[in-house]
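Below is one structure, written out as structure tokens; comments come after it.
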Amino acid sequence: MQTGVMRGIAWMVLGMSCIGMVDALAKYLGARLPGLEVAWGYFVAMLINLCIWAKVRGIPQRQLWHSTRPWLQSARALCLVGSLACLFSALRVLPLAEATIISFTAPLFVVALAGPMLGEPVGWRRWAAVLAGLVGAMLVIRPGTGLFQWAALLPLFGAVFFALFSLITRLLGPADPPTTTLFYTTFVGAVALTLMAAAVWITPNGQELGWFWLSGALGVIAHLALVQAMLHADASIVAPLNYVRLIWAISIGIVVFGDWPTAGELVGGAVIVASGLYVVFSAARARL
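Under the numbering used here, the residues of the sequence shown are numbered 33 to 320, in order.
So, in structure tokens, the structure goes:
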């Protein structure tokens with residue numbers, strides 16, 4: 033395998049590992065702090081860490097905030113705000129693995145929304161994959177049973193927001209440098225969540241502030257690593273490595289939080305992952 037491809041895979045594994053740890057920190061912080069406040073702290077910490085990184089690298093301030101499509105950048109950021117606010121709120125109640133598994137329905141919603149938003153043709157096979165993935169999600173969410181929790185719907189709503197985030201990212205294309213896109217993501221996210229977090233505010237202690245800073249640093253590393261992954265290898269190669277995050281979720285859930293996934297979660301997760309992988313590989317074949 034070419035060295036560049038191996039580097040792309042390594043960057044993708046690093047990025048997904050960082051995101052997995054961010055999710056774990058969000059669950060840990062959510063034991064005492066509201067999900068909206070945890071999301072706010074994450075965006076603020078990412079913004080601070082990004083500005084420090086840009087200063088060290090000598091990146092001009094104008095390059096950070098000057099965008100050719102600021103409104104589209106802002107809309108993209110708001111979609112990520114919605115996605116993480118839903119996920120972090122769900123993590124206060126749900127096991128880490130369960131919330132993560134449900135959030136992996138996002139690629140399926142990308143397929144469902146790509147037609148009306150981007151005019152992309154979606155064949156019956158990919159529609160079948162979407163339906164199969166949603167069936168898998170229902171196996172995890174368990175509606176109509178005594179095990180159902182309303183909080184399980186939050187990662188599903190978050191997945192819809194993340195699908196919109198992904199589609200707007202494709203609309204943006206290479207219009208702005210990655211650092212500009214990340215600046216808008218963090219700045220708009222921090223501003224948008226300020227009023228919402230204020231409504232449910234619980235003052236974090238010193239240790240929690242430290243965890244916020246770490247989550248923000250991991251978030252910046254994750255975003256920069258994903259950019260490097262896409263530069264070194266085709267999306268069809270690195271995209272399936274998104275599921276590295278699930279390995280972290282299950283492992284940390286068991287070791288740190290004592291949450292063992294149920295048989296239904298494992299079966300439903302397998303169906304969701306298989307459907308998502310089919311969507312990725314079928315899209316790659318269509319581009320050949």
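Heads up, the beta-carbon is just placed ideally off N, CA and C, and yes, glycines get one too.
- prompt: Where does the unbroken alpha helix (DSSP H) through residue 285 begin, and where does it stop?
  reply: Residue 285 -> alpha helix (DSSP H) spans 276–287.
message: Quick check: the Cα distance between residue 225 and residue 71, rounded to an integer number of angstroms?
response: Each residue's CA atom was taken as its position, placing residue 225 and residue 71 some 8 Å apart.
message: Using 8 Å as the cut-off, can you tell me whether the segment 158–170 makes contact with the segment 103–123, which would need three or more C-beta pairs spanning the two stretches below that distance?
response: The segment 158–170, when compared against the segment 103–123, does not touch it at the 8 Å Cβ threshold.
task: Please list, in chain order, all residues of the same chain as residue 309 whose beta carbon is under 6 Å from its beta carbon, the five residues on each side excluded.
output: Around residue 309: 272.
- request: Below 8 Å on the Cβ atoms is my guess for residue 99 versus residue 93; work out the distance and round it to an integer in Å.
  value: The C-beta distance from residue 99 to residue 93 rounds to 13 Å, too long to meet the 8 Å contact threshold.
Start-to-end residues for the alpha helix (DSSP H) that takes in residue 247: Boundaries of the alpha helix (DSSP H) around residue 247: 238–264.
DSSP-derived helix/strand/coil call for residue 90: Residue 90: coil per DSSP, three-state reduction.
Classification of residue 81 by the beta-carbon crowding that lies within 10 angstroms, buried from 16 upward: Residue 81 should be labelled buried.
- prompt: Do the segment 123–131 and the segment 281–294 meet, that is, are 3 or more Cβ pairs less than 8 Å apart?
  reply: Yes, they touch.
- prompt: Under the rule that 16 or more other beta-carbon atoms within 10 Å means buried, what is residue 75, buried or exposed?
  reply: With 16 or more Cβ atoms within 10 Å of its Cβ, residue 75 is classed as buried.
message: When you compare the CB positions of residue 304 and residue 165, do they come within less than 7 Å of one another, or not?
response: Yes; because the gap between Cβ atoms is below 7 Å, this pair is in contact.
field: Backbone secondary structure at residue 152 - three-state DSSP
entry: Secondary structure at residue 152: coil, using DSSP grouped into helix, strand and coil.
field: Three-way DSSP call (helix, strand, coil) for residue 208 in this model
entry: Three-state DSSP puts residue 208 in coil, outside helix and strand.
- request: Rounded to whole angstroms, what's the CA-CA distance from residue 234 to residue 56? Just pull it up for me.
  value: Here the alpha carbons of residue 56 and residue 234 stand approximately 20 Å from one another.
query: What is the rounded straight-line gap between the Cα of residue 143 and the Cα of residue 313?
result: Going by the C-alpha atoms only, they are around 13 Å apart.
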